[in-house]
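Heads up: the structure comes next, in structure tokens.
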Amino acid sequence: MMMRGMTAKDFDPVRYSGRWFEVASLKRGFAGQGQEDCHCTQGVYTFDRESRAIQVDTFCVHGGPNGYITGIRGRVQCLSEDDLQKNATDLEKQEMIKEKCYLRFPTLPFIPKEPYDVIATDYDNFALVSGAKDTSFIQIYSRTPNPGPEFIEKYKTYLENFGYDSSKIKDTPQDCEVMSNSQLAAMMSMPGMQQALTNQFPDLELKAPIALNPFTSVFDTFKKLLELYFK
2 MMMRGMTAKD
12 FDPVRYSGRW
22 FEVASLKRGF
32 AGQGQEDCHC
42 TQGVYTFDRE
52 SRAIQVDTFC
62 VHGGPNGYIT
72 GIRGRVQCLS
82 EDDLQKNATD
92 LEKQEMIKEK
102 CYLRFPTLPF
112 IPKEPYDVIA
122 TDYDNFALVS
132 GAKDTSFIQI
142 YSRTPNPGPE
152 FIEKYKTYLE
162 NFGYDSSKIK
172 DTPQDCEVMS
182 NSQLAAMMSM
192 PGMQQALTNQ
202 FPDLELKAPI
212 ALNPFTSVFD
222 TFKKLLELYF
232 K
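Under our numbering, think of the first position of the sequence shown as 2, with each following residue one higher.
See the structure below:
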């Protein structure tokens, strides 16, 4: 798997798998909608050896530790070399980049694919992840929820080498009670959680009509559905 700043030879999707806590981010544009008030954002990454893809389950708590939880499931998949050659830029061809990775939401085909580039990671402590073709979306990940301000400032400064304005990268509050891996697994197995993550909603028997706006974030739509269901 090929990531910007890392070669296919260097990147190890198995070591990258597991749980990451977002400790700072810059999220603008379509990809960042609905995440403006997120606390405790984290992602669980699972590598599928057969498809050579990574399943991504992302969660956040809105507004504060006692807010409502939303989540979405994505899939990081790389283009084949043949597909890349059809779409590669001259620079990519010149540098002989073999694969290029994108994040897709399989059950939400109307959401365009976005780049998923691990700029740098040591697998055990940090990862810097770009989610846009420009500098509008970046995440600083840590294996622990509160690695300290020096950790965050270090990687904000490091990202300036890639054109990011460190002053615009905001800390993500990690002020929730941290769930253990077993607790997280239990939450994932709760009735309705899988349907929510994959946008496969059950028959909610809504008590009021709902008008869906294609420009409304998935998070906000899910919230509206829940509000109508429990009305």
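A virtual CB, placed ideally from N, CA and C, is assigned to each residue, including glycine.
Within the same chain, show all residues whose beta-carbon is closer than 6 angstroms to that of residue i, passing over the 5 residues directly before and after it, in chain order.
i      : result
Arg20  : Val45
Leu27  : Ile139, Lys169 and Ile170
Ser181 : none
Cα separation between residue i and residue j?
i      : j      : result
Glu115 : Asn67  : 30 angstroms
Gln36  : His63  : 8 angstroms
Asp135 : Val119 : 14 angstroms
Asn147 : Gly65  : 16 angstroms
Arg16  : Glu154 : 25 angstroms
Leu185 : Ser143 : 17 angstroms
Ile112 : Leu104 : 10 angstroms
Asp125 : Lys157 : 18 angstroms
Val24  : Ile141 : 6 angstroms
Leu234 : Ala121 : There is no way to answer for residue 234, as the model of the chain reaches only from 2 to 232.
Cys61  : Thr173 : 10 angstroms
Gln78  : Gln34  : 22 angstroms
Check whether the Cβ of residue i lies closer than 6 angstroms to any heavy atom of the ligand PLP, and answer yes or no.
i     : result
Arg29 : By its list of ligands, the structure shown contains no ligand whatsoever, and the ligand PLP lies outside what it can speak to.
Using DSSP's beta-bridge definition, name the partner residues of residue i.
i      : result
Ala121 : Leu129
What does the Cβ neighbour count give for residue i, buried or exposed, with the cut at 16 atoms within 10 Å?
i      : result
Thr71  : buried
Thr59  : buried
Leu109 : exposed
Gly75  : buried
Gly132 : buried
Pro150 : exposed
Val179 : exposed
Tyr117 : buried
Short of 7 angstroms in beta carbon distance, which residues of its chain neighbour residue i, apart from the five on each side in sequence? Order them along the chain.
i      : result
Cys177 : His40, Cys41, Val62 and Pro66
Pro107 : Arg76
Gln175 : Phe22, Val24, Cys41, Pro146 and Asn147
Gln269 : Past the edges of the chain, shown from 2 to 232, lies residue 269, and the structure says nothing about it.
Leaving out five residues before and five after residue i in sequence, what residues of the same chain have Cβ atoms less than 8 angstroms from its Cβ?
i     : result
Ser18 : Tyr46, Thr47, Phe48 and Ile55
* Does the pairing of the stretch 47 to 57 with the stretch 154 to 166 give three or more beta-carbon distances under 8 angstroms? -> no
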